[in-house]
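Under numbering that gives the first Met the number 0, think of the first position of the sequence shown as 0, with each following residue one higher.
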Amino acid sequence: MGAKPMPVPDADSRRFWEGCREHRLQIERCADCKTARFPPAALCPHCRSSRSEWVAASGRGTVFSWIVVRHPVPKDMYAGEVPYVVALVELEEGVRMPTNIVGCAPDAIRAGMPVEVVFDDVSADITLPRFRPQVPS
0 MGAKPMPVPD ADSRRFWEGC REHRLQIERC ADCKTARFPP AALCPHCRSS RSEWVAASGR
60 GTVFSWIVVR HPVPKDMYAG EVPYVVALVE LEEGVRMPTN IVGCAPDAIR AGMPVEVVFD
120 DVSADITLPR FRPQVPS
């Protein structure tokens, strides 16, 4: 069985992945215009400033869009995991994050469904933020 592809942190995303490893969801925000951004980038897409700061994200959002993967590609890596959900979650902070939805049947997912982050320690170095249906408080 081949190894699954993993994120490769770079200079822009290193702080994001460090936060995930500590089970903290952080997003980058422009230090000048305060526009939140994801994925992390060297320049603000709104004002082009190179000044940024990292802020704690609430970890809550809503499902913006999703697909259900039912056929494992490649088969040797994902055969035991289908079906699974690849989604775009819109965080309360206004950015959209590609992720997986876990903790519910794929057919139960709806646009606008409230979700919250959970962390999946997939290796010693990488922790992935995934989202599950929000638990009422």
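We put the beta carbon where it would ideally sit given N, CA and C, even for glycine.
When C-alpha distances from glutamine 25 are compared across Gly60, Pro44, Glu80 and Trp53, the shortest belongs to Trp53.
The beta-bridge partner set that DSSP reports for tyrosine 83 consists of Val68. Every alpha helix (DSSP H) stretch that sits fully inside the stretch 4–77 and reaches 4 residues is listed by chain position as 13–20 and 74–77. When the beta-carbon positions are compared, arginine 36 and proline 44 come within less than 8 Å of each other. The C-alpha of valine 68 lies about 12 Å from the C-alpha of isoleucine 100. Taking the C-beta atoms as reference points, glutamate 17 is found no nearer than 8 Å to glycine 58. Beyond the five residues adjoining it in sequence on each side, serine 64 comes within less than 8 Å, by CB distance, of Ala86, Leu87 and Ala110 in the same chain, given in chain order.
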